[in-house]
Structure formats: structure tokens, C-alpha cells
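*Asks:* Mind having a look at this structure? Questions to follow.
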Amino acid sequence: MAEVNKNEELLKKVNSKFVEHESTLKMKQISLEIEYEKMLRLLYHRRQDIITGKVTPFLEESELHETKKEEPKTQILVQEKDTKVDVTNNEEVAQQTDAPHATEPLSVEKCGVPFFWVRLLYKLGLFMSYTPSDDDYIAFSYLTNIQTTTHQPMFDTSTFLIQMGKTVTFTFDDNPYFTNKTLSVTLKWKENESGDEPINFGKLRPVGKVHWKINLVKIKKSSFFNIFEKSQIQPEDFSNVLGLFRLIDLKAIDYFFTTA
Numbered sequence: 455m456a457e458v459n460k461n462e463e464l465l466k467k468v469n470s471k472f473v474e475h476e477s478t479l480k481m482k483q484i485s486l487e488i489e490y491e492k493m494l495r496l497l498y499h500r501r502q503d504i505i506t507g508k509v510t511p512f513l514e515e516s517e518l519h520e521t522k523k524e525e526p527k528t529q530i531l532v533q534e535k536d537t538k539v540d541v542t543n544n545e546e547v548a549q550q551t552d553a554p555h556a557t558e559p560l561s562v563e564k565c566g567v568p569f570f571w572v573r574l575l576y577k578l579g580l581f582m583s584y585t586p587s588d589d590d591y592i593a594f595s596y597l598t599n600i601q602t603t604t605h606q607p608m609f610d611t612s613t614f615l616i617q618m619g620k621t622v623t624f625t626f627d628d629n630p631y632f633t634n635k636t637l638s639v640t641l642k643w644k645e646n647e648s649g650d651e652p653i654n655f656g657k658l659r660p661v662g663k664v665h666w667k668i669n670l671v672k673i674k675k676s677s678f679f680n681i682f683e684k685s686q687i688q689p690e691d692f693s694n695v696l697g698l699f700r701l702i703d704l705k706a707i708d709y710f711f712t713t714a
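Number 714 marks the last residue of the sequence shown (my numbering); no jumps.
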């Protein structure tokens with residue numbers, strides 16, 4: 455019997471090694487996701503420029519090939535802030551306005567995609583999790599971007615859990631409610647090697663302070679903007695925000711075109 459007990463203890467030790475290796479694999483996967491996130495930044499910027507009307511639409515592939523064939527040395531440029539970008543090969547071009555073979559940016563009405571983010575949030579179900587006031591809707595109409603940043607994971611050897619984290623940043627145009635250009639929150643939680651997160655470990659914290667012109671939190675206690683005030687955060691806010699925004703960067707366009 456004593457021998458059996460010893461063997462069972464050995465099995466437990468072997469199993470702990472399995473858990474440790476699986477956790478190591480999980481951390482490497484997350485690190486890879488962070489690198490992948492960096493690779494996608496160019497697409498995120500392109501998406502944002504299209505939404506805000508700062509960039510001309512892409513040429514159809516057939517038109518692009520035709521342009522290359524007829525004028526192989528001509529570069530089709532669009533203006534993106536202070537940098538000219540070559541649509542044909544996606545390489546940065548010298549910023550001098552007299553660059554050889556350069557053409558003027560294509561003329562197009564800069565209408566973008568009006569109210570992209572607030573329409574997306576409606577389809578995503580944000581206004582089912584929170585009950586906004588009319589002022590909330592108006593404030594959201596100034597929303598110009600939502601971005602997430604994944605934190606580098608940390609492994610806790612005492613619990614065999616992985617410390618995870620994300621920062622969600624909301625960018626706004628000048629508006630009547632607050633002077634901040636961005637409002638951010640951090641989400642921190644722990645996962646096991648299988649990717650199951652114990653919700654009781656989840657925490658949501660605002661980054662910085664909101665400089666109010668008109669305090670939306672005082673107007674309505676169920677305002678989404680409560681998450682930016684530490685004293686107003688509710689236990690359910692963590693799971694609500696994590697569920698809504700965990701994949702917002704990657705899935706924004708899919709969410710936008712989803713039928714509500």
C-alpha cells in the first residue's frame with residue numbers, strides 16, 4: 455500500500471510537469487500573438503484612414519495591373535498625414551513633393567464611414583450591457599477609434615496560472631463632455647494552461663483621470679463612462695468589457711457588417 459501511495463505521488467509530480475509545460479506553451483503562444491498584433495498595425499491604420507476619409511479607396515486589382523503595365527515607372531501616391539505611401543508596392547516614398555514620377559493624390563470626397571464605431575458598438579450589444587442616456591449617445595458620436603494592446607504574460611509558479619492583461623483605448627474628437635483625447639482602461643486576469651480564466655481574478659482599472667466638462671456619470675448611473683471612474687466600477691464591468699472588446703481590433707470590420 456505504501457508503494458502504491460508513492461507511485462501516486464510520482465504521478466502527481468509528473469502531472470505538475472505537464473501543467474508547467476502547457477503553461478510555457480500558452481505563454482509562447484501569447485507572445486506570438488503580441489508579435490502578430492504588431493504586424494497588423496499597418497492594416498489597423500489603413501482601416502482607420504478609410505473610416506475617417508483620410509485616404510483614397512484602393513484601386514481595383516485589374517486597374518492596378520493595368521497601371522503597372524502602361525506606366526511601369528509611375529507611382530500612384532496617396533497622402534497619409536505627412537508621409538506619401540506607394541499603393542502599388544506598399545513601400546514608403548521620399549517625402550519631397552518633387553519626387554520623380556510622382557503624381558498628385560487621387561481626388562475623392564473625404565466622407566469616410568460616418569459613425570463607424572458607434573454603429574459597431576450598437577451591433578456588438580454595448581447598449582444592452584449598459585443603459586446610456588441621450589448624452590452618452592452624443593458623446594459616442596465623437597468616438598473616432600478603439601484600440602487594444604495585449605500585455606506581455608507572466609507565469610505564476612506558485613499557482614501555475616498565467617497573468618494576462620489588455621489595455622483598451624478609446625479616441626475621441628473634441629466634444630462637449632470632456633477634454634481628454636483618449637480614455638483608457640486596463641484589464642488584468644489569470645488563465646490556466648487551457649486558457650480558462652478564473653473571473654474572480656479579473657480586474658478593470660481606468661488609466662488616468664477624466665477631465666469632465668459635463669460629467670456623464672452624474673447624469674446617469676448606468677452610463678458606460680462609469681468604467682473610466684474608479685469609484686463607479688461595478689463587479690460585472692470586467693466581464694462586460696473583456697467580452698465586448700477582447701477582439702475589437704481584429705474583428706471590428708466583421709462586427710460592423712454583422713446584422714443586428
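Note that beta-carbon positions come from the ideal geometry of N, C-alpha and C, so glycine has one too.
Assign Ser638 to one of three DSSP states: helix, strand, or coil.
*Replies:* Here the question's residue 638 lines up with position 184 in the sequence shown. Of the three classes helix, strand and coil, the one that applies to Ser638 here is strand, per DSSP.
*Asks:* Check this for me: beta carbons of Lys480 and Ile616, under 8 Å apart or not?
*Replies:* On the sequence shown, position 26 is the one that residue 480 refers to. On the sequence shown, position 162 is the one that residue 616 refers to. Contact flag set, yes.
*Asks:* Distance, Cα to Cα, Glu487 vs Ala456?
*Replies:* As a working mapping, residue 487 is identified with position 33 in the sequence shown. As a working mapping, residue 456 is identified with position 2 in the sequence shown. Cα-Cα distance, rounded: 47 Å.
*Asks:* Just curious, the alpha helix (DSSP H) that Gly579 is in, first and last residue?
*Replies:* What you label residue 579 is simply residue 125 of the sequence shown in a count that begins at 1. Neither: Gly579 is in no alpha helix (DSSP H) and is coded neither H nor E.
*Asks:* Given that a residue counts as buried once 16 or more other Cβ atoms are within 10 Å of its Cβ, and exposed if not, what is Gln502?
*Replies:* By one-based count along the sequence shown, residue 502 stands at place 48. Label assigned to Gln502: buried.
*Asks:* Grab the span of the alpha helix (DSSP H) containing Phe669 for me, first residue to last.
*Replies:* By 1-based counting over the sequence shown, the position of residue 669 is 215. Here residue 669 is Asn; the residue named in the question, Phe, does not match the sequence. Unbroken run through Asn669: none, as it is neither H nor E.
*Asks:* Which value, in whole angstroms, describes the spacing of the CA atoms of Ile592 and Thr621?
*Replies:* Taking the sequence shown and counting its residues from 1, the one referred to as residue 592 is at position 138. Taking the sequence shown and counting its residues from 1, the one referred to as residue 621 is at position 167. Between the alpha carbons of Ile592 and Thr621 lies a gap of roughly 24 Å.
*Asks:* What three-state label does DSSP hand Gly619 in the structure shown?
*Replies:* Working through the sequence shown from its first residue, we reach residue 619 at position 165. Here Gly619 sits in strand by DSSP.
*Asks:* Check Arg700 in the structure and name its three-state DSSP category.
*Replies:* Indexing the sequence shown from 1 puts residue 700 at position 246. Looking at Arg700 - three-state DSSP - the assignment turns out to be coil, as it is neither helix nor strand.
*Asks:* DSSP state of Met608, grouped into three classes?
*Replies:* Looking up residue 608 in the sequence shown gives position 154. Three-state result, Met608: strand.
*Asks:* Just verifying my parser: in three-state terms, what is the DSSP assignment at Glu690?
*Replies:* One-based indexing of the sequence shown puts residue 690 at position 236. Residue state, collapsed to three classes: helix.
*Asks:* On the criterion of 16 or more Cβ atoms from any shown chain inside 10 Å, does Phe682 qualify as buried, or is it exposed?
*Replies:* As a position in the sequence shown, residue 682 is number 228, starting the count at 1. By the C-beta density criterion, Phe682 is buried, having at least 16 other C-beta atoms within 10 angstroms.
*Asks:* For Phe710 and Glu491, I'd like the C-alpha separation in whole angstroms.
*Replies:* Taking the first residue of the sequence shown as position 1, residue 710 is located at position 256. Taking the first residue of the sequence shown as position 1, residue 491 is located at position 37. One C-alpha to the other measures close to 20 Å.
*Asks:* Rounded to whole angstroms, what's the CA-CA distance from Phe569 to Gln601? Just pull it up for me.
*Replies:* Reading the sequence shown from its first residue, position 115 is the one you call residue 569. Reading the sequence shown from its first residue, position 147 is the one you call residue 601. Approximately 16 Å, taken between the alpha carbons.
*Asks:* Using only the alpha-carbon positions, how far apart do Thr611 and Phe472 sit?
*Replies:* Sequence index remark: in the sequence shown, residue 611 carries index 157 (1-based). Sequence index remark: in the sequence shown, residue 472 carries index 18 (1-based). Rounded to the nearest whole angstrom, the C-alpha separation of Thr611 and Phe472 is 13 Å.
*Asks:* What would DSSP say about Lys684, mapped onto helix, strand or coil?
*Replies:* Position 230 of the sequence shown, counted from the start, is the residue given in the question as residue 684. Helix at Lys684.
*Asks:* With DSSP as the reference, label Lys675 as helix, strand or coil.
*Replies:* Working through the sequence shown from its first residue, we reach residue 675 at position 221. Coil at Lys675, not helix or strand.
*Asks:* Give me whichever residues DSSP pairs with Val661 in a beta bridge.
*Replies:* As a first step, residue 661 is located in the sequence shown; it is residue number 207 there, counting from the start. In DSSP, Val661 forms a bridge with Ser638.
*Asks:* Thinking just about the alpha-carbon of each residue, which of Cys565, Asp590 and Asn469 is nearest to the one in Ser720?
*Replies:* For residue 720 there is no data in the structure shown, the boundaries of the chain being 455 and 714.
*Asks:* Whole angstroms are fine: how far does the CA of Lys657 sit from the CA of Phe609?
*Replies:* The residue given as residue 609 occupies position 155 in the sequence shown. The residue given as residue 657 occupies position 203 in the sequence shown. Straight-line Cα distance between these residues: approximately 17 Å.
*Asks:* Check each candidate in Val567, Glu462 and Lys577 and name the one with the smallest Cα separation from Val509.
*Replies:* Residue mapping note: residue 509 aligns to position 55 of the sequence shown, counting from 1. Per the Cα distances, Val567.
*Asks:* Give me the residue from Leu575, Trp571 and Thr585 with the minimum Cα distance to Lys674.
*Replies:* Locating residue 674 in the sequence shown gives position 220, where the first residue counts as 1. Nearest C-alpha to Lys674: Thr585.
*Asks:* Asp627 lies in the alpha helix (DSSP H); which residues open and close that run?
*Replies:* Here residue 627 refers to the residue found at position 173 when the sequence shown is read from its first residue. It is not in any alpha helix (DSSP H) - Asp627 carries neither H nor E in the DSSP assignment.
*Asks:* Can you list, in chain order, the residues of its chain with a C-beta nearer than 7 Å to that of Ser595? Leave out the 5 residues immediately preceding and following it.
*Replies:* Taking the first residue of the sequence shown as 1, we reach residue 595 at position 141. Excluding sequence neighbours, Ser595 sits near Phe569 and Val572.
*Asks:* Does DSSP classify Thr603 as helix, strand or coil?
*Replies:* The count along the sequence shown starts at 1 and reaches residue 603 at position 149. Strand.
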